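Undergrad: Just so we're aligned: 123 in full-length UniProt numbering is position 123 of the sequence shown, and the numbers increase by one with no gaps anywhere.
No residue lacks a Cβ here, since even glycine has one placed at the ideal position from N, Cα and C.
Since we're looking at a predicted model, the values are computed, not measured.
Right, I'll just put the structure down here and ask away after.
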Amino acid sequence: MKSRLNCYFDPKLADQLTALALRQGVHRSQLVEAAVASFLSPDALDRREAAYARRLDRLSRQLERVERDLTIAIEAQALFVRFWLSVTMPIPAEHQAAAKAQGTQRYQNYIATLGRRLQRGESLVQEISVEIWPERHQAASPDRADAEPAPDEEAAEAAHV
1 MKSRLNCYFD PKLADQLTAL ALRQGVHRSQ LVEAAVASFL SPDALDRREA
51 AYARRLDRLS RQLERVERDL TIAIEAQALF VRFWLSVTMP IPAEHQAAAK
101 AQGTQRYQNY IATLGRRLQR GESLVQEISV EIWPERHQAA SPDRADAEPA
151 PDEEAAEAAH V
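Right, dumping it as structure tokens:
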């Protein structure tokens, strides 16, 4: 014999329960009983915990990749700034206006090149990875080398920046 319980639901939830019961062709009480049994089942708890663990593992791996990529970006920028500051000569006052105009043009070229690279899905991390482990990338996708832009093209773009 079953025990009778009175439950109170939010009107929206009650409407959803009624609609599901009509679609399934069962009584609302059967749906509620199945939901409560599933919730209280030890297997359901284990499955939920396993699902949470998988999600947390995936998020941890993603966060580790983001951290690695950020470290590479910071180090690359710091190395560039240190190098640039050590080799750039001060500009005489009479040449500063021309240097500023040229700097503006170079910046616009830089932004355009960056935009094209981002649209193609290219990244410094991928580039470094290919340079460090070319055999991994050739084995993974042998036809990829044909699809990439020629290195001379990119070098020419970078030279204008």
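Could you name the residues of the same chain whose beta carbon sits closer than 8 Å to that of L17, not counting the 5 residues immediately before and after it, in chain order?
TA: F9, R28, L31 and V32
Undergrad: Using three-state DSSP, classify F39 as helix, strand or coil.
TA: helix
Undergrad: V125 and D69 - do their beta-carbons sit closer together than 8 Å?
TA: Their beta carbons are under 8 Å apart, which means D69 touches V125 by this criterion.
Undergrad: Where does R4 fall in DSSP's three states?
TA: coil
Undergrad: Could you give the residue range of the alpha helix (DSSP H) that holds T88?
TA: DSSP places T88 outside any alpha helix (DSSP H), giving it a letter other than H or E.
Undergrad: Our contact map puts I91 next to A99 with C-beta atoms below 8 Å; I'd like the distance itself, whole angstroms only.
TA: Between A99 and I91 the Cβ distance is about 5 Å, and since that is below 8 Å, they are a contact.
Undergrad: Assign E122 to one of three DSSP states: helix, strand, or coil.
TA: E122 sits in coil when the DSSP states are folded into three classes, being neither helix nor strand.
Undergrad: So, using beta-carbon positions, are I72 and I128 closer together than 8 Å?
TA: yes
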